[in-house]
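Those letters in the sequence shown? Residues 176 to 270, by this note's numbering.
Quick reminder that beta carbons are idealized off the backbone N, C-alpha and C, glycines included.
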Amino acid sequence: MSLDFGVVIPFVHELGFELHRFENGEAELHWTPRPEHLNSFAVTHGGGVMTLMDVTMAAAARSVQPELGIVTIEMKTSFMQPCIGPLRGVGQLMH
C-alpha cells in the first residue's frame with residue numbers, strides 16, 4: 176500500500192519511494208533501488224540512502240502538521256555497512 180505524501184516531490188517520485196505510514200509523528204517509507212541507483216560496487220548509492228533518511232524524517236514531522244513545509248538544515252551519518260535493497264526508512268518525532 177502506498178500513501179500520498181501530500182506534496183509533489185519530483186525527485187522522490189523519480190526514485191520510487193513509497194509512503195506506508197504517515198501519522199502521529201511517525202512515518203515509514205519503502206524503497207527498492209533500481210540498477211541506476213547503485214554505485215560502482217553494485218550496492219545502493221549513499222546519496223540515495225541519505226535521501227531516504229531525509230524524506231523519512233520530513234514525513235514524520237509533516238505527519239503532525241501536513242501543511243508545514245520542511246527543509247533539512249544539516250544532516251550527517253556514518254555508513255556501517257553497504258545497503259542492499261529493498262530498504263525501509265522509519266522516522267519518529269522525538270521532540
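{"Query": "Sequence-distant residues of its chain with Cβ nearer than 6 Å to N214 (five each side left out)", "Result": "H220"}
{"Query": "Three-state secondary structure assigned by DSSP to H195", "Result": "strand"}
{"Query": "For G222, three-class secondary structure by DSSP", "Result": "helix"}
{"Query": "Identity of the residue in M225, P208, E249 and L268 nearest Q240 by Cα", "Result": "L268"}
{"Query": "Nearest neighbour of E193, chosen from N199, F216 and T207 [CA to CA]", "Result": "T207"}
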